[in-house]
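Here's the structure, in structure tokens; my notes come after.
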Amino acid sequence: MEDTKRRGRLRRLCRALLALGLVLVLGGVDLAPAAAVTWADVNELKEEANGLDAEKEELEAKLDSLADDKSQAVERKTLLDQQIANTQAQIDNTQAQIDQYAALITQTEAELVEAQEQEEAQYELFCSRVREMEKQDEVSYWAVLFRATSFTDMLGRLDAINEIMRYDQQVIDDLKALQAEIEEKKATLETSKSESEAAKAELVSKQSELSAQRSEANAVIAQLSANENETEAALADLEAQQDALWAEAQRLSDQLVAQQAANGQSTESNPGGYIWPVDSRYITSTMGGRNSPGGIGSTNHKGTDIGRVGYTSPIYASKAGTVIVSQYSSSYGNYVVISHGSGNTTLYAHMSSRKVEVGQYVEQGAVIGITGSTGNSTGPHLHFEVTENGVRVNPLSHGAEPQMGYLTGYTLSSSA
Ligand SMILES: [Zn+2]
6 MEDTKRRGRL RRLCRALLAL GLVLVLGGVD LAPAAAVTWA DVNELKEEAN GLDAEKEELE
66 AKLDSLADDK SQAVERKTLL DQQIANTQAQ IDNTQAQIDQ YAALITQTEA ELVEAQEQEE
126 AQYELFCSRV REMEKQDEVS YWAVLFRATS FTDMLGRLDA INEIMRYDQQ VIDDLKALQA
186 EIEEKKATLE TSKSESEAAK AELVSKQSEL SAQRSEANAV IAQLSANENE TEAALADLEA
246 QQDALWAEAQ RLSDQLVAQQ AANGQSTESN PGGYIWPVDS RYITSTMGGR NSPGGIGSTN
306 HKGTDIGRVG YTSPIYASKA GTVIVSQYSS SYGNYVVISH GSGNTTLYAH MSSRKVEVGQ
366 YVEQGAVIGI TGSTGNSTGP HLHFEVTENG VRVNPLSHGA EPQMGYLTGY TLSSSA
């Protein structure tokens, strides 16, 4: 299909070049070769250019949907960023707890060492006291037995030894109890610490899962952006193609107008295929800005006013088509709209009477109404509007050059 289009374009280009070549070779000689371009060629190019609109709309819709997807992905990534920051704060918090437990454990270990040293010192003290007593022969059981002056004396001496032993035993027992207490405290701290470490490990694994999800979201965003760039490039390409077609159409039109002028032909037959909707060629107001006449009527004029029509002139269908409006409105008065195909309509307003019904097919030149001054109007005239592709166009100067207008041979009133 692309190939067919390209061949068609090439063929037209060759024809145009041939026509141009002949003009150059025969320079100035009045010549209207059969191979010359026609309005049909111009229209064909314009249709081809318009035909690209559907593809453009498709790409634009795709861009919209890509933008939607992308904003969703960015939203998801933002959420993940927040979750990651939260989890990191929890990890930091847990780490602070772990550090605190470790410091307490270190402190407890020091306490434990101190208690053990105290116990050893106490035991050492006891031993040295016993050794001292042994040196003085005060403690040996044998000495006790042999030196006792009596059984009561012996028991008294043994009691003294037991008293010392009991006291030392009590101190050592207390120290042992303290040690046990410290050990238990240390064990509790270690349990808490390992619990915190387990919690941290869980958080770290959650964090890495979130990071993976974020990487995924980033990849999706990158993919969508690439897709967007690609689509934008395709759209720009299409627009360039369309511009080239329009430019070629314009160039052919200029050539055609020049050919017709050289041949002394009327340029009445125009690219849009429109004919004058009334017999008058007297323009009282053109499309675009103007002063509101007598304060009545629009200041941004949407149509072309044709005057010198009186109240009884026939109004002709400018092109064949189907009547889609035939009614009265307070602004347009009695008016008729004819559709000539997708987005192409003509409108005729301020009629004194309408001669067609909605749904009726009319040939070009068919009488559709009679001129008048109904609705928002200061005097009899025909208000005429043309839309192409749904957009109002100026039938007097459509295209870049004034002579490209659909309606030619008119006279402008000094106030128009
Ligand atoms: Zn008007």
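Residue 351 in the working numbering sits at position 346 of the sequence shown, and the numbers go up by one each step.
Backbone N, C-alpha and C define an ideal beta-carbon position, used for all residues, glycine too.
As the structure is a computational prediction, the values presented were derived from the model and not from experiment.
Taking 8 Å as the line, does the beta carbon of residue i fall inside it for any heavy atom of ligand 1?
i	result
serine 420	no
threonine 309	yes
isoleucine 306	For the record, residue 306 in the displayed sequence is histidine; it is not isoleucine. Correct: histidine 306 has its Cβ closer than 8 Å to ligand 1.
serine 378	no
serine 290	yes
alanine 354	yes
histidine 345	no
Would you call the CB atoms of residue i and residue j closer than 9 Å?
i	j	result
threonine 291	threonine 350	no
glycine 326	tyrosine 353	no
lysine 51	alanine 249	no
threonine 111	isoleucine 187	no
tyrosine 422	threonine 376	The chain is shown only over 6 to 421; residue 422 falls outside these bounds and no answer can be derived.
lysine 67	serine 230	no
histidine 2	serine 378	Coverage of the chain is limited to positions 6 through 421, which leaves residue 2 absent and any answer about it impossible.
serine 419	glycine 380	no
valine 396	valine 361	no
serine 318	asparagine 339	no
proline 305	leucine 71	A small fix is needed here, since residue 305 is asparagine in this sequence, not proline. Contact flag unset, no.
isoleucine 103	lysine 205	yes
leucine 412	leucine 401	yes
glutamine 212	isoleucine 96	yes
glutamine 88	leucine 215	yes
aspartate 178	tyrosine 128	no
valine 330	valine 367	no
asparagine 55	asparagine 394	yes
phenylalanine 131	methionine 170	yes
alanine 120	glutamine 184	yes
serine 258	valine 47	yes
lysine 307	glutamate 390	yes
leucine 117	leucine 194	no
glycine 247	leucine 57	Looking at the sequence itself, residue 247 is glutamine, so the reference to glycine does not match. Closer than 9 Å, so yes.
arginine 152	arginine 162	yes
For residue i, write down the residues that DSSP places opposite it in a beta bridge.
i	result
alanine 192	BP columns for alanine 192 are empty, so no partner.
proline 385	Bridge partners of proline 385: none, in fact.
aspartate 310	Ser290, His388
methionine 356	Asn339
proline 319	Ile375
tyrosine 366	Thr327
leucine 417	Ile288
valine 396	Glu393
tyrosine 333	Asn339
serine 344	Thr327, Thr350
So does the region 237-247 actually touch the region 56-69, counting three or more Cβ pairs closer than 8 Å?
Proximity of the region 237-247 to the region 56-69 meets the contact definition, three or more beta-carbon pairs being nearer than 8 Å.
So, do the region 123-133 and the region 219-232 have three or more beta carbon pairs nearer to each other than 8 Å?
Under the 8 Å Cβ criterion, the region 123-133 does not count as touching the region 219-232, having fewer than three qualifying pairs.
Below 8 Å, how does it come out for the region 370-384 and the region 313-323: are there three or more Cβ pairs, yes or no?
Taking one beta carbon from each stretch, the region 370-384 and the region 313-323 have 3 or more pairs nearer than 8 Å; the two touch.
Between the region 190-199 and the region 79-88, can you find at least three pairs of beta-carbon atoms closer than 8 Å?
Contact check between the region 79-88 and the region 190-199: fewer than three CB pairs, one atom from each, fall below 8 Å, which does not count as touching.
Cβ contact (3+ pairs, closer than 8 Å) linking the region 276-289 and the region 306-315
Contact between the region 276-289 and the region 306-315 is present, because at least three Cβ pairs lie under 8 Å.
Enumerate, from N- to C-terminal direction, the unbroken beta strand (DSSP E) stretches of 3 or more residues contained entirely within the region 205-252.
The qualifying runs do not exist here; there are none.
Complete alpha helix (DSSP H) runs within the region 66-126 (minimum length 4 residues, chain order)
Within the region 66-126, no complete alpha helix (DSSP H) segment of 4 residues or longer occurs.
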